[in-house]
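In this note's numbering, the protein residues as written are 1 to 186. Heads up, the beta-carbon is just placed ideally off N, CA and C, and yes, glycines get one too. Beneath this line is the structure, given in structure tokens, with notes to follow.
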Ligand code: GAR
């Protein structure tokens, strides 16, 4: 039986993308392509090294957020994925994207707490005894949308921001592949 196709969107380091490719590509799903808005993203070489095609769509080449999102939607549609997977894709998406693409995102906090780009740091200084990781469907509300899977990560008494962040990332790398399989009902 043909593998279910996904497309991954990323902007930077690409460690979640790497984990998804290593755990799922060619086994449970086909990563049809990885698309980045950042020509300097470290993840470009990682994806290519793991045999995944990369498209580079620099957002700076488009006059508006909506024009970039329209080009992104058109590029994703070339691959007809069952689901689009945002893995550190650091762009606010307009309804041009959210009305046409079924997508999930990973966020490094216990949503709805600590939305935005500093989820790990805000969790760490919150005074709570835990942070976490959330995978959720993408809607026009940033880091909103129905939750697919969520896991908490304890904040230990000896933790530094770095040691806590490391455990959050390790949790992300396990949770995201599981969430993709859940959404695809595999
Ligand atoms: C991840 O920690 C992801 O949860 C976060 O960006 C990082 C990307 O790392 N995303 C957000 O904060 C979304 N609001 P990666 O490029 O190594 O996967």
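Next on the checklist: Going by DSSP, what residue range makes up the beta strand (DSSP E) through residue 24?
Outcome noted: As a working mapping, residue 24 is identified with position 24 in the chain shown. It is not in any beta strand (DSSP E) - residue 24 instead sits in the alpha helix (DSSP H) that spans 15-24.
Item to check | residue 187 - DSSP class collapsed to helix/strand/coil | outcome: Missing from the structure shown is residue 187; the chain here goes from 1 to 186 and no further.
Checklist entry - Who are residue 105's beta bridge partners in DSSP? => result Residue numbering aside, residue 105 sits at position 105 when the chain shown is read from its first letter. Within the DSSP bridge table, the entry for residue 105 names 86, 136 as partners.
Checklist entry - Does the Cβ of residue 129 have 16 or more other Cβ atoms within 10 Å, making it buried, or fewer, making it exposed? => result Within the chain shown, the letter at position 129 stands for residue 129. Residue 129 is exposed by the Cβ-count criterion.
Item to check | heavy atom of the ligand NAD below 7 Å from residue 27 C-beta | outcome: Only the ligand GAR can be found as ligands here, which leaves the ligand NAD out of the picture.
Checklist entry - How about residue 124 and residue 131: do their beta carbons lie closer than 8 Å? => result Position 124 of the chain shown, counting from 1, holds the residue named residue 124. Position 131 of the chain shown, counting from 1, holds the residue named residue 131. For the 8 Å CB-CB criterion, residue 124 and residue 131 form a contact.
Checklist entry - Would you say residue 117 touches the ligand GAR, meaning its beta carbon is less than 7 Å from a heavy atom? => result The residue labelled residue 117 in the question sits at position 117 within the chain shown. Indeed, a heavy atom of the ligand GAR lies less than 7 Å from the Cβ.
Checklist entry - Residue range of the beta strand (DSSP E) that residue 33 falls in? => result To locate residue 33, count along the chain shown from 1; it is residue 33. Unbroken beta strand (DSSP E) run through residue 33: 29-36.
Next on the checklist: For residue 150, list the residues DSSP reports as bridge partners.
Outcome noted: Mapped onto the chain shown, residue 150 falls at position 150. Beta-bridge partners assigned by DSSP to residue 150: 134.
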